[in-house]
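Following my numbering, the numbering of the sequence shown begins with 1275 at its first residue and continues without gaps. Ideal placement from N, C-alpha and C gives every residue a C-beta, glycine not left out.
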Amino acid sequence: MAKVSAGSAVLLGVAVAVPLMLAPVAQALTSPSPLDAYLEDLRTLRATFLQTLTDANGREIDRATGTLIVSRPGKFSWEIHPETAGRGAQARAGQLMVSDGRNLWFLDRDLDQVTVKPLDAALSATPAMLLSGTVDVRRNFTLTPAGQRAGLDWVLVEPRGADADFRRALFGFAGRELKQMILEDKLAQTATIVFERVERNAPVAAQEVSFTPPPGTDVIGTPGQ
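Structure, rendered in structure tokens:
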């Protein structure tokens, strides 16, 4: 079985018990939501972010910075580096998830380990897969309005299947701009992701959403052709 280092569960798809902090949740949306509007004409996305992770008791257990690159349909790169690592060590620590349109790759630099599976064999759906168009939003998720807080309009996203890596996620919008995601994993850990330096529909090079395992890493799984 593949090992997973601390923090990698967040990259793989954490989500939230946030309805507790927002207005009472209304019925599931059948009309377009802010998330639908955001995705409607999205071709590419590039953003940096700050991620904080708390345990079931609300205690902060990890803080990281990262980069998200999306090229729709079906391609993305999601990379995180722990803030505890020194500046030079950050490039050698943390995790990277890449969908190249055929396969889903996960690199854990702390373990020198790569996990790969064909996209059509990836049973779980992550928020990054949702943003990239790898999965159909309405078919795979239930969207529910979750009120306003801190100047943002929130949409609660819950996976329809039991195989997803996360329980639920909140997407926070200011107008048509995605500002935050709040995610809770199956261990009741909550990740808050604040996006910065967002570039929408800017050019994304092919190599930014492709992946080749680094020499010497342990590769688990077989990529599809």
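Query raised in the report: Closest by CA to residue 1476, which one among 1309, 1325, 1463 and 1321?
Result: For the purposes of this step, residue 1476 is taken as residue 202 along the sequence shown, with counting starting at 1. The option with the nearest alpha carbon to residue 1476 is 1321.
**Report entry** Own chain partners of residue 1494 with C-beta closer than 8 Å, once the 5 adjacent residues on each side are dropped
**Finding:** Stepping through the sequence shown from its first residue, residue 1494 is reached at position 220. Excluding residues within five positions, the ones whose Cβ falls inside 8 Å are 1276, 1387, 1388, 1389 and 1390.
Query raised in the report: Skipping 5 residues on each side, what residues in its chain have a beta carbon closer than 8 Å to that of residue 1363?
Result: As a working note, residue 1363 is residue 89 in the sequence shown. Any reading at residue 1363 must be qualified, since the residue scores a pLDDT of 49, below 50, and its modelled position is unreliable; the value itself is stated next. So no residue of the chain qualifies.
Query raised in the report: Residues bridged to residue 1437 by DSSP?
Result: For this step, residue 1437 is matched to residue 163 along the sequence shown. Its beta-bridge partners do not exist; DSSP assigns none.
Query raised in the report: Using a Cβ-Cβ cut-off of 6 Å (strictly less than) and excluding sequence neighbours within five positions of residue 1492, which residues of its own chain qualify?
Result: For the purposes of this step, residue 1492 is taken as the residue at position 218 of the sequence shown. Result list for residue 1492: 1387, in chain order.
Query - Span of the beta strand (DSSP E), counted from its first residue to its last, around residue 1412 - result: If you number the sequence shown from 1, residue 1412 lands on position 138. Unbroken run through residue 1412 is the alpha helix (DSSP H), 1411-1414; no beta strand (DSSP E).
Query raised in the report: Would DSSP call residue 1489 helix, strand or coil?
Result: Taking the sequence shown and counting its residues from 1, the one referred to as residue 1489 is at position 215. The answer is coil: DSSP assigns residue 1489 none of H, G, I, E or B.
Query raised in the report: Since residue 1329 is in the beta strand (DSSP E), which residue starts that stretch and which ends it?
Result: Working through the sequence shown from its first residue, we reach residue 1329 at position 55. It is not in any beta strand (DSSP E) - residue 1329 carries neither H nor E in the DSSP assignment.
Query - Through-space distance from residue 1380 to residue 1479, alpha-carbon basis - result: As a working mapping, residue 1479 is identified with position 205 in the sequence shown. As a working mapping, residue 1380 is identified with position 106 in the sequence shown. In this model, residue 1479 and residue 1380 are separated by some 20 Å (Cα to Cα).
**Report entry** Own chain residues within Cβ distance below 7 Å of residue 1482, not counting five before or after
**Finding:** In the sequence shown, counting from the first residue as 1, residue 1482 sits at position 208. Closer than 7 Å at Cβ, skipping near neighbours: 1343 and 1351.
Query raised in the report: What residue from 1370, 1486 and 1469 has the CA that sits closest to residue 1325's CA?
Result: As a first step, residue 1325 must be located in the sequence shown, where it is residue number 51. The option with the nearest alpha carbon to residue 1325 is 1469.
Requested in this report: Enumerate in chain order the residues of its own chain whose CB-to-CB distance from residue 1328 is below 6 Å, with the five nearest sequence positions on each side excluded.
Outcome: Locating residue 1328 in the sequence shown gives position 54, where the first residue counts as 1. 1334 and 1464, listed in sequence order.
Requested in this report: Could you check the C-alpha separation between residue 1349 and residue 1367 for me, to the nearest Å?
Outcome: Locating residue 1349 in the sequence shown gives position 75, where the first residue counts as 1. Locating residue 1367 in the sequence shown gives position 93, where the first residue counts as 1. So the two alpha carbons sit approximately 23 Å from each other.
Query raised in the report: Would residue 1261 pass as a contact of residue 1337 if the rule is Cβ separation under 7 Å?
Result: Because the chain is modelled from 1275 through 1499, residue 1261 falls outside the range shown and cannot be assessed.
Query - Sheet register partners of residue 1351 (DSSP bridge) - result: The count along the sequence shown starts at 1 and reaches residue 1351 at position 77. Per DSSP, 1343 and 1372.
Query raised in the report: Using DSSP with H/G/I as helix, E/B as strand and the rest coil, what is residue 1465?
Result: Locating residue 1465 in the sequence shown gives position 191, where the first residue counts as 1. In the three-state reduction of the DSSP assignment, residue 1465 falls in the strand class, which pools E and B.
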